[in-house]
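Counting in numbering that gives the first Met the number 0, the sequence shown runs without a single skipped number right up to 515 at its last residue. Structure first, commentary second.
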Amino acid sequence: MAVSRSGSAAAGDADQARLHQLGYKQELKRGLSLMSNFAFSFSIISVMAGVTTTYNAGLRYGGPASMTLGWLVVAFFNGCVALSMAEICSAYPTSGGLYYWSAKLAGNDWAPLASWVTGWFNIVGQWAATTSTDFSLAQLIQVMVLLGTGGANGGGYTASKYVVLAIHGFVLVLHGLINSLPIRCLSWFGHLGAFWNTAGALVLVVLIPSVATERASPEFIFTHFNADNGMGVHGNAYILALGLLTSQYSLLGYDASAHMIEETKKADWSGPMGIVSSVALSTAFGWIFMVALTSIVTDDIQYLLDTSNDAGGYAVAQALHNAFRRRYGSGAGGIACVGVVAVGIFLAGVACIASNSRMGYAFSRDGAMPMSRVWHRVTKHEVPLNVVWLSVVIAFAMALTSLGSQVAFQAMVSIATLGQYIAYALPIFFRVTTARKSFVPGPFHLGRYGVFVGWAAVLWVALLTVLFSLPVAYPVAQDNFNYTPVAVGGVLLLSVGAWVLHARFWFRGPIANVDL
């Protein structure tokens, strides 16, 4: 035991010394293992949640082939993004993560602006991700209640948009309370999330096809494009591109391993391994889960998406309900399966707030946020409590857009997906350009392949930016307008505008709070 404590102490001293070299003192409790660090990213990614909540969009705009084959395309290039991020994370193990990396890699002249823009894309994207995660859970709870009380065609209870918003707020408060606990307790929820998303996905992957009395053919699953989508979109290439949103959104949030890194032991190795392992396992489980779900899509696609069906147009819930009802005469088992997903989404929301708060803590530590002194404070348990509740309040405020229109709320999902990937790509871009020769890797590195993998990641995000800005229906009208370029362009305009008018006079990037 003495040897173990000595080794642990040595690792802790090394982590603290490295953080000191990067300009920061140890203020958060370093109590997470590699497994715990991995668990937070794996829980946020939560492929059960991502696939289920975006399945409608993938089915409507792309169809089965765009999701199952599109997942493989996304898996390859998203892997490049994750590997490049892991390499940079190993070199700079700080909670600031992406914006700190941009500052160190962009060069002295561009460091403040690069750090500023990256940081705001990252934190706004995280707030939007928390909003979409918890609001998706509120919608799923509403669907479960609807089916459990008889369905839309059997007198079931349909919650109003105000009730759904209230559920969203309640879930956010629960997540805030959980994230107010010391890191040792919060770590337990991370482990639970990793276990649930693994065990739950495996159970559903086996259960769903075995229950179904009818299964979709492999030809339908892997080759059918939904050209008859009523959206005026034609051409399999275009349909495939639009269907990528499901896959891309489902593999998002693994920067959590970087944001939790100042609380992680052996940070320069555990952090990058948390990123890589969470993405690798999520990619494998997600594709299998996607195929299992699609195997029970034996009804007409338009019927599953029709708001007049029992699940109110929630395709996954309707397909599961139908499968169990045909086998057992009751759809209760389908509702239970949806409940398994709902718990996974809840645990993903816990991890989202954890990642949000650590990013906000680091960003305010460097003075980048209004009232930074308030958000940077930590409790006696070394928890950034104020910024935890700031994340809760902002995630609720963002969901208020749902009262106006679902189109406006869809912009939140756009920011969550594309906004965060832009933040992922910026430090990678600086790594392969301005810092190509000066970059000093940490223990985890890609060797001579680092630049090639980095360019693949950057070009992929550039392509995504174009694809996700394309019209999703023709002719373009107010009720089908794609607000992605407006939402993401708004974040860019506001961050650059704030820089030009105000921040350039005082923001210098990461600020050392120790004597170097």
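All residues carry an ideal CB built from backbone N, CA and C; glycine is no exception.
- Straight through space, the alpha carbons of V342 and I334 are spaced by roughly 12 Å.
- Counting along the chain, no alpha helix (DSSP H) covers K379, and no H or E run does either.
- The criterion of a C-beta distance shorter than 8 Å is not satisfied by G446 and R430.
- The beta carbons of N355 and W498 sit no closer together than 8 Å.
- Contact check for D309 and L146: beta-carbon distance about 6 Å, within the 8 Å limit, so the pair qualifies.
- Excluding its 5 nearest sequence neighbours in each direction, P208 has C-beta neighbours in its own chain below 8 Å: R214, A291, S294 and I295, listed in chain order.
- DSSP places L176 within a helical segment (H, G or I) once states are collapsed to three.
- DSSP, reduced to helix, strand and coil, places T157 outside both helices and strands of the structure shown, so it counts as coil.
- Rounded to the nearest angstrom, the Cβ distance from V205 to A322 is 14 Å, too far for a contact under 8 Å.
- Exposed is the label assigned to M370, since fewer than 16 other Cβ atoms lie within 10 Å of its Cβ.
- The straight-line gap separating the alpha-carbon atoms of Y473 and R357 is approximately 42 Å.
- Distance between P217 and A434, taken at the CA atoms: about 47 Å.
- If only uninterrupted beta strand (DSSP E) runs of at least 3 residues are considered, none is enclosed by the stretch 291-370.
- By the criterion of a C-beta distance shorter than 7 Å, A350 is surrounded in its chain by F39, S42, I43, G189, G192 and A255, once the five residues flanking it on both sides are discounted.
- Judged by DSSP in its simplified three-state form, T282 adopts helix.
- According to the DSSP assignment, Q247 belongs to the alpha helix (DSSP H) that extends over L243 to S249.
- In this structure, the straight-line span from the alpha carbon of R324 to that of V337 is close to 14 Å.
- Here the alpha carbon of L31 sits roughly 12 Å from the alpha carbon of P181.
- Looking at the backbone, the Cα of T263 and that of G270 are separated by about 7 Å.
- Taking 8 Å as the cut-off, the Cβ atoms of T483 and S413 count as close.
- Membership of D133 in the alpha helix (DSSP H) is indicated by the continuous run A110 to G147.
- Non-local C-beta neighbours of W195 in its own chain, meaning closer than 7 Å and more than five positions away in sequence, comprise V342, G343 and L346, ordered along the chain.
- Ranked by Cα distance from A81, the first of Y99, F120 and Q247 is Q247.
- By the criterion of a C-beta distance shorter than 6 Å, A105 is surrounded in its chain by A113, F429 and T433, once the five residues flanking it on both sides are discounted.
- DSSP lists T263 as the bridge partner or partners of L31.
- If you keep only unbroken beta strand (DSSP E) runs of at least 3 residues inside the stretch 434-497, you get nothing at all.
- Distance from the CA atom of L27 to the CA atom of C88, rounded to whole angstroms, is 18 Å.
- In this structure F451 is exposed. Its beta-carbon is surrounded by fewer than 16 other beta-carbon atoms within 10 angstroms.
- When DSSP states are grouped into helix, strand and coil, Y91 belongs to the coil group.
- Rounded to the nearest whole angstrom, the CA to CA distance from V487 to M143 is 33 Å.
- Annotation: T400 to V471 spans about 20 Å, alpha carbon to alpha carbon.
- Where W505 is concerned, there is no enclosing alpha helix (DSSP H), because DSSP gives it neither an H nor an E.
- For T197, there are no CB contacts under 6 Å within the same chain when 5 residues up- and downstream are skipped.
- Counting along the chain, the unbroken alpha helix (DSSP H) around Q419 starts and ends at Q419 to V431.
- The beta carbon of G348 is closer than 6 Å to those of T132, D133 and H174 in its chain, skipping five residues each way along the sequence.
- Counted as a single uninterrupted DSSP element, the alpha helix (DSSP H) harbouring R183 occupies residues I182 to V210.
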